[in-house]
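So the sequence shown is numbered by this note's numbering: it starts at -18 and just counts up by one.
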Amino acid sequence: MSIRDWPEGERPREKLLTRGADALSDAELLAIFLRTGCVGLSAVDLARMLLDEFGNLNALLSADKTRFCRARGLGEAKYVQLQAVMELAKRHLGERLQREHVMNSPSRVAEFLQAELRSCRQEVFGALFLDAQHRLIAWEKLFFGTIDGASVHPREVVQRALHHNAAALIFAHNHPSGVAEPSEADRQITRRLQDALALIDVRVLDHLVVGAGYSVSLAERGHL
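See below:
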């Protein structure tokens, strides 16, 4: 049965317009993005099949171009559209943070950092540089690869903080495994950076570890 034959209140687009986007399931949201199904499958059926094939929504959104384009009902045009949508979402979140005191909106900080880091296939260590009112000045990805005490250099972080005339920083890095539990190395790096930045009167407000769809705050864990 085509989606056009469904009761109006069950059609994804109409449901979104009347009840809001958060009322839709992952499959329904994906169906709106897909727009059409394929032979024998409605857009919602195709969306459900894709979610089963990739395992979850995050895995589908994070898939590389080759795997994404191989899947039924997708292709290069859909890949380009998806990358554009995700980049728009990142920029929207970043612009909101620039207007706000970030410590008053920790959930938006987490959303922004998850959008920036969750799809990275290697570990990436970055920082939010903040002004004296804790508004966002800049976000930078600083170090790549296996993040440990040898690969994160406090001197370079201090140089970037001085470059941006930052008053405070929030660090973040991802765990490509999807498990966001902080390690002892994560805690040690944070302490080293705190000590280095204290010499120039720059505060470290938090360090978030980003996993698959969620993040863990070292500040909330009492490590700052």
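For each residue, glycine too, the CB sits at the ideal point set by N, CA and C.
Asked	Found
Measuring straight from C-alpha to C-alpha, what distance separates Ile13 and Ala2?	11 angstroms
Tell me, please, which residues DSSP counts as bridged to Asn146.	Beta-bridge pairing links Asn146 to no other residue.
Kindly indicate the opening and closing residues of the alpha helix (DSSP H) around Ala177.	165 to 179
Hey, which unbroken runs of the alpha helix (DSSP H) at 4 residues or more fall wholly within the region 87 to 130?	87 to 98
What would DSSP say about Leu55, mapped onto helix, strand or coil?	coil
Anyone know if the C-beta pair for Leu123 and Ala108 falls short of 8 angstroms?	yes
In whole angstroms, give me the CA-to-CA distance for Asp182 and Arg53.	54 angstroms
Among all the DSSP beta bridges, which residues are the ones paired with Cys19?	Leu22
Suppose you measure from the CA of Tyr195 to the CA of Val66; what does that come to, to the nearest Å?	20 angstroms
Is Val160 helix, strand or coil when you go by DSSP?	coil
Taking the C-alpha atoms as reference points, what is the distance between Gly56 and Ala28?	14 angstroms
May I have the straight-line CA-CA distance separating Pro87 from Ala193, to the nearest angstrom?	18 angstroms
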